[in-house]
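This report concerns only the one structure given below.
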Amino acid sequence: MNKKAICIDYGLKRIGVALSDDRGAVAFPRKFIINENLEKSAAELKDIIVAENVSAVVVGMPVGLSGQQSSLSIETEKFISEFKKTIENLPIKDIPIITYDERFSTAQARRSLIDKDVNRKKRKQAIDSIAASFVLQAYLDGINNGINNIDI
1 MNKKAICIDY GLKRIGVALS DDRGAVAFPR KFIINENLEK SAAELKDIIV
51 AENVSAVVVG MPVGLSGQQS SLSIETEKFI SEFKKTIENL PIKDIPIITY
101 DERFSTAQAR RSLIDKDVNR KKRKQAIDSI AASFVLQAYL DGINNGINNI
151 DI
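If you want it as structure tokens, here you go:
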């Protein structure tokens, strides 16, 4: 059974994207999507889901340090609503959309890129998808260790 998942790190300018392997064990960053508008971005992600035969969608949810909603978490929820409309007629039925705490994922991605001596321009291009891969890997690890209760 395919357990491939996609992770979306929603941002107002760029959307980071990561995919797992078919077993749902390892996350890999993918090229980011420029977020021109909700409908176009949702359609691009739908195309990836169909092409990659994805069975679950994980969306990084930006929350404050104390767990409260942020302005970006409200925008992320708007995006999720639009995204659900976009994928409702897919041939792949009942794809779960799971929100997952993304606190510190961008800082972790930035630190990883700096440690690898990636220059500022390349960091800007890679950081969103690398952050998405960190969120997805944390989610997959939780499933594989029996911590997360929504399996893919």
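FYI, the UniProt record's numbering numbers position 109 of the sequence shown as 109, with every residue one higher than the one before it. Ideal Cβ placement from N, Cα and C applies to all residues, glycine included.
Under the rule that 16 or more other beta-carbon atoms within 10 Å means buried, what is Ser81, buried or exposed? Residue numbering aside, residue 81 sits at position 81 when the sequence shown is read from its first letter. It is exposed - the Cβ of Ser81 has fewer than 16 other Cβ atoms within 10 Å.
Status (buried if at least 16 other CB within 10 Å, exposed otherwise) for Ala25: The count along the sequence shown starts at 1 and reaches residue 25 at position 25. Exposed, since its Cβ has fewer than 16 Cβ neighbours within 10 Å.
Classify Pro5 as helix, strand or coil using the three-state DSSP reduction. Looking up residue 5 in the sequence shown gives position 5. Residue 5 is actually Ala in this sequence, not Pro. Ala5 falls in the strand class under three-state DSSP.
What do you reckon, are the CB atoms on Asn89 and Asn53 nearer than 8 angstroms? Indexing the sequence shown from 1 puts residue 89 at position 89. Indexing the sequence shown from 1 puts residue 53 at position 53. Result no, Cβ atoms of Asn89 and Asn53 do not sit closer than 8 angstroms.
Go ahead and pull the three-state DSSP assignment for Leu140. Here the question's residue 140 lines up with position 140 in the sequence shown. DSSP places Leu140 in helix when its eight states are reduced to three.
Report the option in Gln108, Glu39 and Leu45 whose CA atom is closest to the CA atom of Val17. By one-based count along the sequence shown, residue 17 stands at place 17. The shortest C-alpha separation from Val17 is found at Leu45.
Contact under 8 angstroms by Cβ, Ile98 with Val57: By one-based count along the sequence shown, residue 98 stands at place 98. By one-based count along the sequence shown, residue 57 stands at place 57. The answer is yes: Cβ separation under 8 angstroms.
Are there 16 or more other CB atoms within 10 angstroms of the CB of Ile152, so buried, or fewer, so exposed? The sequence position of residue 152 within the sequence shown is 152, counting from 1. Unreliable positioning characterises Ile152 in this predicted model, as indicated by a pLDDT of 49, which lies under 50. The coordinate reading is nonetheless provided below. When all chains shown are included, Ile152 counts as buried.
For Val118, I'd like the list of residues in its chain whose CB is within less than 8 angstroms of its CB, leaving aside the five on either flank, ordered along the chain. Position 118 of the sequence shown, counting from 1, holds the residue named residue 118. Excluding positions up to five away in sequence, the list reads Ala126.
Three-state class that DSSP yields for Arg23 in the structure shown: Taking the sequence shown and counting its residues from 1, one reaches residue 23 at position 23. Note: Arg23 maps to coil in three-state DSSP.
For the segment 34-51 and the segment 127-138, state whether three or more C-beta atom pairs, one from each stretch, are separated by less than 8 angstroms. no
Look up Arg120 in the DSSP assignment and give the residues it is bridged to. Mapped onto the sequence shown, residue 120 falls at position 120. Note: Arg120 sits in no beta bridge, so no partner.
Using CA atoms only, rank isn't needed, just tell me which of Thr76, Pro96, Gln68 and Ile48 is closest to Arg30. Mapped onto the sequence shown, residue 30 falls at position 30. Comparing Cα-Cα distances from Arg30 to each of Thr76, Pro96, Gln68 and Ile48, the minimum goes to Ile48.
Val54 in three-state terms, based on DSSP: For the purposes of this step, residue 54 is identified with residue 54 of the sequence shown, where counting begins at 1. In this structure, Val54 counts as coil in the three-state DSSP scheme.
Name the residue from Tyr100, Lys124, Arg103 and Asp101 whose alpha carbon lies nearest to the alpha carbon of Arg110. Translated into the one-based positions of the sequence shown, residue 110 becomes position 110. For Arg110, the nearest C-alpha among the options comes from Lys124.
From the DSSP output, which residues share a beta bridge with Gly60? Along the sequence shown, one-based indexing puts residue 60 at 60. Gly60 pairs with Tyr100.
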